[in-house]
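If you use the numbering used here, the sequence shown corresponds to residues 269 to 746, in order. In this text, a Cβ means the ideal position worked out from N, Cα and C, and glycines have one as well.
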Amino acid sequence: SYHQENDEDYYVFLLSSEEQILSTSRSWIRHVLTLMLSVSSLIVFLKLRKLTKGSSTTQDNSNHLLKRYKELQYMAIFFGIIIILGGLVLQRLVELDGVKSSQSNIFVTIGSFLKILLYFVILMDAARIAERHTSNSGEREQQEGTQQQEGTQHIEAIALSHKDSIAIHDSNKSEIGQAPPAQKPNILDVNPSIGQADVDPLKWSVSLVNAIQFIQLCMSTETWRVLAAIKGEDNITMHDINTHFVIPWTRGTGCSIALLFDQDPGEVELMFSHSWSASVKQTFNALRSITLMHKIPGDTRVFFCTLCQYQPGDGAHRGLSVQQQLNMDPFSQVIGSKPKYGMFIIHTLISEVYDRLWCVLEVHEGMQAKIELSGLFDPTVWKLSAFKNMMKVNTEGAKCAPSDREKLVTKINEQGGFIRLDKKILGFRKSAYQDLKIALKFEALLGVDILNLEEVDCVAPSANKDVAFGADVDDDDE
Numbered sequence: 269s270y271h272q273e274n275d276e277d278y279y280v281f282l283l284s285s286e287e288q289i290l291s292t293s294r295s296w297i298r299h300v301l302t303l304m305l306s307v308s309s310l311i312v313f314l315k316l317r318k319l320t321k322g323s324s325t326t327q328d329n330s331n332h333l334l335k336r337y338k339e340l341q342y343m344a345i346f347f348g349i350i351i352i353l354g355g356l357v358l359q360r361l362v363e364l365d366g367v368k369s370s371q372s373n374i375f376v377t378i379g380s381f382l383k384i385l386l387y388f389v390i391l392m393d394a395a396r397i398a399e400r401h402t403s404n405s406g407e408r409e410q411q412e413g414t415q416q417q418e419g420t421q422h423i424e425a426i427a428l429s430h431k432d433s434i435a436i437h438d439s440n441k442s443e444i445g446q447a448p449p450a451q452k453p454n455i456l457d458v459n460p461s462i463g464q465a466d467v468d469p470l471k472w473s474v475s476l477v478n479a480i481q482f483i484q485l486c487m488s489t490e491t492w493r494v495l496a497a498i499k500g501e502d503n504i505t506m507h508d509i510n511t512h513f514v515i516p517w518t519r520g521t522g523c524s525i526a527l528l529f530d531q532d533p534g535e536v537e538l539m540f541s542h543s544w545s546a547s548v549k550q551t552f553n554a555l556r557s558i559t560l561m562h563k564i565p566g567d568t569r570v571f572f573c574t575l576c577q578y579q580p581g582d583g584a585h586r587g588l589s590v591q592q593q594l595n596m597d598p599f600s601q602v603i604g605s606k607p608k609y610g611m612f613i614i615h616t617l618i619s620e621v622y623d624r625l626w627c628v629l630e631v632h633e634g635m636q637a638k639i640e641l642s643g644l645f646d647p648t649v650w651k652l653s654a655f656k657n658m659m660k661v662n663t664e665g666a667k668c669a670p671s672d673r674e675k676l677v678t679k680i681n682e683q684g685g686f687i688r689l690d691k692k693i694l695g696f697r698k699s700a701y702q703d704l705k706i707a708l709k710f711e712a713l714l715g716v717d718i719l720n721l722e723e724v725d726c727v728a729p730s731a732n733k734d735v736a737f738g739a740d741v742d743d744d745d746e
């Protein structure tokens with residue numbers, strides 16, 4: 269009897285000791301598994317952060333996307349294995365706690381497995397997008413390289429074969445080559461019934477789609493290819509567009525490009541401010557981005573002085589000289605009408621828009637009219653560091669023709685001064701900086717730049733809405 273009682277006590281002691289050991293073991297295993305899952309999650313998170321902070325993929329480093337996505341796939345597989353093994357171990361540990369808990373844990377394990385499978389499928393799809401984009405980019409770069417090589421080989425022969433070739437000038441207005449005259453497109457070859465003098469300045473507008481289409485028409489010509497070969501495509505400016513396309517295509521008509529597109533234009537609802545020395549290609553992409561990043565309809569009317577004013581100054585019937593049009597002050601009229609979408613200011617890499625005092629005045633008048641001011645840019649060429657470096661501006665140092673400076677400076681100083689303008693410009697440039705961060709993160713994660721999401725020609729018109737595209741002019745054009 270004594271030995272039996274001692275054996276029972278010893279058995280109870282062994283059972284309690286075993287349960288204590290199992291409980292401690294389960295606790296430690298759970299801690300280890302939790303730590304492993306946490307470390308795995310942290311690694312995946314850091315990989316994602318590294319990806320989203322990557323530089324733009326439109327240049328030489330486009331192949332980094334495919335590599336990053338493959339690394340993320342490996343991390344997804346590793347993460348999935350950890351979850352599955354952890355679930356199996358936890359399932360085994362809770363078997364001592366009863367069948368119901370074990371069944372519940374099985375469901376948790378299956379759910380975790382399905383979740384990680386979903387992550388893996390998403391990453392596989394992302395990798396395919398990146399691979400397709402890399403392949404397409406390589407084909408485009410190869411095609412562009414071939415076209416540039418062919419253009420360079422024949423450029424001299426092309427220019428010399430046309431007796432009416434037009435001189436090409438650099439930023440210092442020095443002649444650096446000749447370009448053949450551009451053939452006028454059929455869409456602009458019309459017999460207008462009205463001229464510039466017949467239209468109210470508030471209706472000097474062209475639809476956003478037509479403005480983009482016009483630049484595309486210019487880009488499709490032999491003249492553009494010659495300009496690109498001599499100057500570099502990013503260095504073609506609005507001065508070049510005006511000299512080689514706008515003036516020849518509108519000469520003698522009395523109509524601006526805008527009026528040749530549409531003889532019944534609508535009123536302005538948005539003002540664009542830009543410099544004539546800005547890159548046309550970057551301006552083109554900035555215009556394309558506005559439909560996606562700011563939800564501006566494609567049929568919106570824009571006032572772009574290069575396109576919406578009559579530029580030849582040839583005394584054509586119903587036409588106006590540049591000075592006559594400037595005397596009507598269309599920029600102030602548009603801003604004073606408080607356009608619905610406010611004013612967008614286009615920024616390009618080759619020209620600081622606020623080096624021009626006339627552009628500074630447009631911001632000043634926009635503030636006076638209390639309209640919304642926003643920055644616009646080409647998301648395919650800007651980097652965050654470059655955008656951040658140009659954030660602050662000293663508008664008081666902006667330049668214009670000596671005959672205009674005193675008048676403009678006095679007007680600005682009497683109504684708030686330059687410091688107020690500097691703060692306002694800094695404010696909307698900070699907002700544009702955030703837009704650029706979003707565009708670059710989108711590109712880094714999906715492998716396509718935001719401009720490839722939707723062609724502006726496919727934007728469905730929502731209403732007859734009008735936008736203004738006001739631009740600064742240089743001294744000779746003022």
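Checklist entry - Applying the criterion that 16 or more other CB atoms from any shown protein chain within 10 Å of the CB defines a buried residue, is L303 buried or exposed? => result If you draw a 10 Å sphere on the C-beta of L303, you find fewer than 16 other C-beta atoms in it, and that means exposed.
Item to check | Identity of the residues DSSP links to V570 by a beta bridge | outcome: Residue pairing for V570: DSSP places it in a beta bridge opposite V474.
Checklist entry - First and last residue of the alpha helix (DSSP H) that includes L652? => result Here the alpha helix (DSSP H) through L652 covers 652-657.
Item to check | Between the CA atoms of L485 and A526 - distance to the nearest angstrom | outcome: Take the alpha-carbon of A526 and the one of L485: they are about 14 angstroms apart.
Item to check | S323 to Q702 span [Cα, whole Å] | outcome: In this prediction, S323 scores a pLDDT of 42, lower than 50, which makes its location untrustworthy; no coordinate-derived value is stated.
Checklist entry - From H507 to D468, what distance separates their C-alpha atoms? => result Annotation: H507 to D468 spans about 25 angstroms, alpha carbon to alpha carbon.
Checklist entry - If you run the structure through DSSP and keep just helix, strand and coil, what is K698? => result Residue state, collapsed to three classes: helix.
Checklist entry - Beta carbon of F696, beta carbon of S642: below 7 angstroms? => result For F696 and S642, yes; Cβs fall inside 7 angstroms.
Next on the checklist: Distance check for S671 and F552, CA to CA, integer angstroms please.
Outcome noted: One C-alpha to the other measures close to 32 angstroms.
Checklist entry - What separation, rounded to the nearest whole angstrom, lies between the Cα atoms of D582 and R519? => result Straight across, the Cα-Cα distance linking D582 with R519 is about 7 angstroms.
Checklist entry - Rounded to a whole number of angstroms, what is the C-alpha to C-alpha distance between N440 and I483? => result Put simply, the backbone Cα of N440 is about 24 angstroms away from that of I483.
Next on the checklist: Looking at C576: is its Cβ nearer than 7 angstroms to the Cβ of S543?
Outcome noted: Note that the C-beta distance between C576 and S543 is not below 7 angstroms.
Checklist entry - Can you round the beta-carbon distance between S541 and S619 to whole angstroms, since I take them to be within the 8 angstroms contact cut? => result The beta carbons of S541 and S619 sit about 12 angstroms from each other, so the pair does not count as a contact at 8 angstroms.
Item to check | Beta-carbon proximity check, N452 vs W517, cutoff 7 angstroms | outcome: The sequence given here has Lys at residue 452, not Asn. Yes, these two residues count as a Cβ contact at 7 angstroms.
Checklist entry - Does the segment 673-684 touch the segment 582-599, meaning 3 or more C-beta pairs lie closer than 8 angstroms? => result Contact between the segment 582-599 and the segment 673-684 is absent: fewer than three C-beta pairs spanning the two stretches fall below 8 angstroms.
Next on the checklist: To the nearest angstrom, how far is the alpha carbon of A450 from that of H615?
Outcome noted: The alpha-carbon separation between A450 and H615 amounts to approximately 27 angstroms.
Checklist entry - Helix, strand or coil: how does DSSP classify S557 here? => result S557 falls in the helix class under three-state DSSP.
Item to check | Other residues of its chain near E664: CB distance less than 6 angstroms, five sequence neighbours each side excluded | outcome: Apart from sequence neighbours up to five positions away, the residues of its chain that approach E664 with a beta-carbon distance below 6 angstroms are F686, ordered along the chain.
Next on the checklist: Looking only at its chain, what residues have a beta carbon closer than 6 angstroms to the beta carbon of G266, apart from the 5 residues adjacent to it on each side?
Outcome noted: This structure gives no information on residue 266, because the portion of the chain shown stretches from 269 to 746.
Checklist entry - Could you check where the beta strand (DSSP E) with S642 kicks off and where it finishes? => result Per DSSP, S642 belongs to the beta strand (DSSP E) from 641-645.
Checklist entry - What whole-angstrom Cβ distance do W626 and C668 have, given they're in contact under 8 angstroms? => result Yes, W626 and C668 are in contact; Cβ-Cβ is about 6 angstroms, under 8 angstroms.
Checklist entry - Cα separation between K675 and S473? => result If you draw a straight line from the Cα of K675 to the Cα of S473, it is about 28 angstroms long.
Checklist entry - First and last residue of the alpha helix (DSSP H) that includes Q446? => result Counting along the chain, no alpha helix (DSSP H) covers Q446; the unbroken beta strand (DSSP E) around it starts and ends at 443-447.
Checklist entry - If we count the other Cβ atoms within 10 Å of its Cβ and call it buried at 16 or more, is W492 buried or exposed? => result Per the 10 Å Cβ criterion, buried.
Item to check | Sequence-distant residues of its chain with Cβ nearer than 7 angstroms to R673 (five each side left out) | outcome: Closer than 7 angstroms at Cβ, skipping near neighbours: L625.
Next on the checklist: Using DSSP's beta-bridge definition, name the partner residues of T616.
Outcome noted: Paired residues: S619.
Next on the checklist: Taking the alpha-carbon of N478 as reference, which of E630, G534, V570 has the nearest alpha-carbon?
Outcome noted: Out of E630, G534, V570, V570 has the C-alpha closest to the C-alpha of N478.
Checklist entry - Is the beta carbon of I639 sitting closer than 7 angstroms to the one on H512? => result Taking the C-beta atoms as reference points, H512 is found no nearer than 7 angstroms to I639.
Checklist entry - From which residue to which residue does the beta strand (DSSP E) around S541 run? => result That run of the beta strand (DSSP E) goes 539-541.
Item to check | Pair within 7 angstroms by beta-carbon distance, A497 and D646 | outcome: No, these two residues do not count as a Cβ contact at 7 angstroms.
Checklist entry - Expressed to the nearest angstrom, what Euclidean distance is found between the alpha-carbon atoms of P565 and I613? => result Taking the straight line joining both Cα atoms gives about 18 angstroms.
Checklist entry - From the DSSP output, which residues share a beta bridge with S547? => result Looking at the DSSP output, S547 bridges to T505.
Next on the checklist: In the DSSP assignment, the beta strand (DSSP E) including I498 goes from what residue to what residue?
Outcome noted: Unbroken run through I498 is the alpha helix (DSSP H), 490-499; no beta strand (DSSP E).
Checklist entry - Exposed or buried, A654, counting other C-beta atoms within 10 Å across all chains shown (16 or more means buried)? => result That one is exposed.
Checklist entry - In chain order, what residues of the same chain have a beta carbon less than 7 angstroms from the beta carbon of N510, not counting five sequence neighbours either side? => result Correct list, in chain order: T574, Q579.
Item to check | Beta carbon of V536 nearer than 7 angstroms to that of V590 | outcome: No. Outside cutoff.
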